[in-house]
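Single-structure report; data block below.
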Amino acid sequence: MIIKSMSAKAGSANFGRLINYMLKPGAREKRPEQSLIKHNMLSPESDPAAITAEFEQNASYRRRRANGVVLYHEVISPHPKDGHLVSDELLEDIGRVYMAMRAEEGLAVAAIHRDLEDQDRPHLHICISGNKIESDRQLRLTRQRFRQVQREMEEYQRQHYPELVHSIVFDQEREPELDGLRRDHLREAKRRQNREVQMGRRLREQGKLSRKEQVRAQVGQCVAAARDADELKRLLANLGLAYYERGNSPAVMDINTGKRYRLKTLGLADDLDARRRQWQAEKDREERVKERKAELERVRRERGDGGRERGR
8 MIIKSMSAKA GSANFGRLIN YMLKPGAREK RPEQSLIKHN MLSPESDPAA
58 ITAEFEQNAS YRRRRANGVV LYHEVISPHP KDGHLVSDEL LEDIGRVYMA
108 MRAEEGLAVA AIHRDLEDQD RPHLHICISG NKIESDRQLR LTRQRFRQVQ
158 REMEEYQRQH YPELVHSIVF DQEREPELDG LRRDHLREAK RRQNREVQMG
208 RRLREQGKLS RKEQVRAQVG QCVAAARDAD ELKRLLANLG LAYYERGNSP
258 AVMDINTGKR YRLKTLGLAD DLDARRRQWQ AEKDREERVK ERKAELERVR
308 RERGDGGRER GR
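Okay, so the sequence shown: first residue is 8 according to the working numbering, each after it adds one.
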């Protein structure tokens with residue numbers, strides 16, 4: 008994949024303009040529905056104003072420097088010869104993995120765009136905060152580290168999407184040397200990808216959701232509604248889904264079929280992380296309120312005792 012990075016500094020950066028363009032592309036592009044991908048964001052998925060406000064609130068923590076970077080606008084795109092193999096699901100996965108690598112401690116959103124006149128040119132637009140979350144520290148990568156992220160992304164692409172043979176940026180000279188086994192693997196990967204895309208398209212045309220899409224919707228609703236981790240597990244259990252974690256990777260299992268779905272694969276890992284932070288913040292706030300009430304009660308008792316003593 009080709010990754011382009013552009014920075015905007017104080018005085019020229021405009022979160023609102025970029026977010027609005029990402030969600031409402033120009034006349035020559037279209038954005039598939041539900042194509043906004045969030046990373047460390049709490050804002051509603053498709054509300055440009057709320058997303059912009061969250062970025063601007065986070066930017067208020069940054070140090071005021073004339074040449075300080077406020078935001079990064081980055082674009083990820085495959086080679087046009089691979090464009091017909093690139094589904095929205097593939098781009099969503101690439102976007103989530105890239106934002107986790109590139110902006111682990113920052114805010115980021117990505118949106119899928121497709122050219123109306125050339126469907127073989129899908130690409131991702133990404134907005135990344137210039138500073139870390141609620142911090143005055145810059146979210147800056149050295150040229151060497153950015154190069155490393157590009158190579159790591161390409162290795163991920165090789166492992167998970169080997170059919171994208173033309174979208175190799177590094178070590179292109181090795182591609183003509185693919186042996187027969189690798190070519191067979193690429194052909195099978197292409198067939199599998201096409202089958203999945205066609206099946207999903209047919210189900211959507213029939214007004215149906217695939218089981219994976221159903222599970223994604225159900226889990227997303229439970230994550231949004233739950234007030235703590237225990238309630239999340241209860242809500243999921245009521246829908247026939249068992250929540251579990253393997254290592255640090257949250258997942259659910261369909262109790263009836265035994266089919267397992269990682270929240271990262273469903274695109275909900277960031278949403279769960281955000282809710283966990285909210286739950287912890289609410290818990291901390293409740294503890295502070297209790298401590299404050301206890302302190303007030305202690306002061307009242309002391310004042311009351313002192314008053315009685317003075318009366319005597």
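A virtual CB, placed ideally from N, CA and C, is assigned to each residue, including glycine.
In the displayed model, LEU131 falls within a strand according to three-state DSSP. LEU303 counts as exposed, since fewer than 16 other C-beta atoms from the protein chains shown sit within 10 angstroms of its C-beta.
Taking 4 residues as the minimum length, the alpha helix (DSSP H) runs contained wholly in the stretch 21–72 are 22–30, 55–66, in order along the chain. Distance from the CA atom of ARG284 to the CA atom of SER12, rounded to whole angstroms, is 29 Å. With respect to the 8 Å criterion, GLU220 and ARG121 are not classified as neighbours on the basis of their beta carbons. Around the C-beta of LYS88, fewer than 16 other C-beta atoms lie within 10 Å, and the residue is accordingly described as exposed.
Assigned with DSSP and collapsed to three states, GLU252 falls in strand.
Burial is judged here by how many other beta carbons sit within 10 angstroms of a residue's own beta carbon; ALA115 has at least 16 and is buried. Closest in C-alpha terms to VAL82, from the list CYS134, LYS266, VAL76, comes CYS134. C-alpha of ALA60 to C-alpha of PRO32: approximately 20 Å in a straight line.
Check the Cα spacing between SER142 and each of THR272, GLU238, GLN287, ASN65: the tightest is with ASN65.
For ASP143, there is no enclosing beta strand (DSSP E), as DSSP gives it neither H nor E. Counting along the chain, the unbroken alpha helix (DSSP H) around TYR163 starts and ends at 150–167. The residues MET160, TYR163, in chain order, have a CB closer than 8 Å to that of VAL104 in the same chain once the five nearest residues on each side in sequence are set aside.
Contact between the stretch 274–282 and the stretch 227–241 is established, with three or more Cβ pairs separated by less than 8 Å. Considering only GLN166, PRO85, LYS16, the residue with the shortest C-alpha distance to MET8 is PRO85. Here LEU123 is exposed: its Cβ has fewer than 16 other Cβ atoms, across all protein chains shown, within 10 Å. Between ALA232 and LEU242, the CB-CB gap stays under 8 Å. By the neighbour-count criterion, in which 16 or more other beta carbons inside 10 Å mark a residue as buried, SER53 falls on the exposed side. Rounded to whole angstroms, the gap between the alpha carbons of GLY75 and ALA110 is 17 Å.
Annotation for LEU275: no beta strand (DSSP E) segment contains it, and DSSP assigns it neither H nor E. If you draw a straight line from the Cα of LEU131 to the Cα of VAL296, it comes to about 44 Å.
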